[in-house]
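A.B. asks: The opening residue of the sequence shown carries number -13 in the numbering used here; numbering runs sequentially from there. Glycine included, C-beta positions come from ideal geometry on N, C-alpha and C. Just so you know, these numbers come straight off a predicted model, no measurement behind them. The structure that follows is given in the form of structure tokens.
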Amino acid sequence: MLYELVGIARITSGEVLNNEAKAVVSTIGKLILQNRGVIRKIYNLGVRPLPRILTKQQEKHFRGSHFIMLFDSSNSVSNEILRSLRNDPRIIRSNLFRVPDDKKLNVLGAIDRVNSKN
């Protein structure tokens, strides 16, 4: 099944903004590949201010590094990814969506169109 992972990683230093996001995406990617999944695309949406102050593990966050990952895997792997994301202190917020089979090509095209406008 095709899944879309949307995540916001914390920013720990002002000099290198995407360090945490790169580390999280690398960890998730290894988990997917070890369980016979396929990573289709990774989008870095950059650093953006958060709509409100978000708190996770007694830390307040004002901005975050946003990313989207499209991948194919089984249902059990997606549950394991969600569990690891909830326990990971580097992730402020994350959500995992299952992309319907009939919309595979339309979803990929929509994300490409959004990125080309920026």
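#1: Give every residue of the same chain whose Cβ lies closer than 6 Å to the Cβ of residue 7, excluding the five residues on either side of it in the sequence, and list them in chain order.
#2: Is there contact here, the region 18 to 27 with the region 60 to 73, by at least three beta-carbon pairs under 8 Å?
#3: Per DSSP, what are the beta-bridge partners of residue -8 in this structure?
#4: Quick check on DSSP: helix, strand or coil for residue 41?
#5: Excluding the 5 residues preceding and the 5 following residue 71 in the sequence, name in chain order all residues of the same chain whose CB lies nearer than 6 Å to its CB.
#6: In the DSSP assignment, what residue or residues form a beta bridge with residue 30?
#7: Which term fits residue 64, buried or exposed, when burial requires 16 or more other beta carbons within 10 angstroms of its beta carbon?
#8: Could you please give me the residues that DSSP links to residue 24 through a beta bridge?
#9: Given this structure, state the Cα-to-Cα distance separating residue 43 from residue 36, to the nearest angstrom.
#10: For residue -10, count neighbouring C-beta atoms within 10 Å of its own C-beta (all shown protein chains included) and say buried if the count is 16 or more, exposed if not.
C.D. replies: Based on what the coordinates show:
#1: Position 21 of the sequence shown, counted from the first residue, corresponds to residue 7. Answer for residue 7: -5, 51, 53, listed in chain order.
#2: yes
#3: For the purposes of this step, residue -8 is taken as the residue at position 6 of the sequence shown. Note: residue -8 sits in a beta bridge opposite 54, 81.
#4: Residue mapping note: residue 41 aligns to position 55 of the sequence shown, counting from 1. Here residue 41 sits in strand by DSSP.
#5: On the sequence shown, residue 71 is found 85 positions in, with the first residue counted as 1. Around residue 71: 77, 80.
#6: The sequence position of residue 30 within the sequence shown is 44, counting from 1. Answer is 53, bridged to residue 30.
#7: As a first step, residue 64 is located in the sequence shown; it is residue number 78 there, counting from the start. That one is buried.
#8: Working through the sequence shown from its first residue, we reach residue 24 at position 38. Residue 24 is bridged to 58.
#9: What you label residue 43 is simply residue 57 of the sequence shown in a count that begins at 1. What you label residue 36 is simply residue 50 of the sequence shown in a count that begins at 1. The straight-line gap from Cα to Cα measures roughly 17 Å.
#10: For the purposes of this step, residue -10 is taken as the residue at position 4 of the sequence shown. Its Cβ being crowded by 16 or more others within 10 Å, residue -10 is buried.
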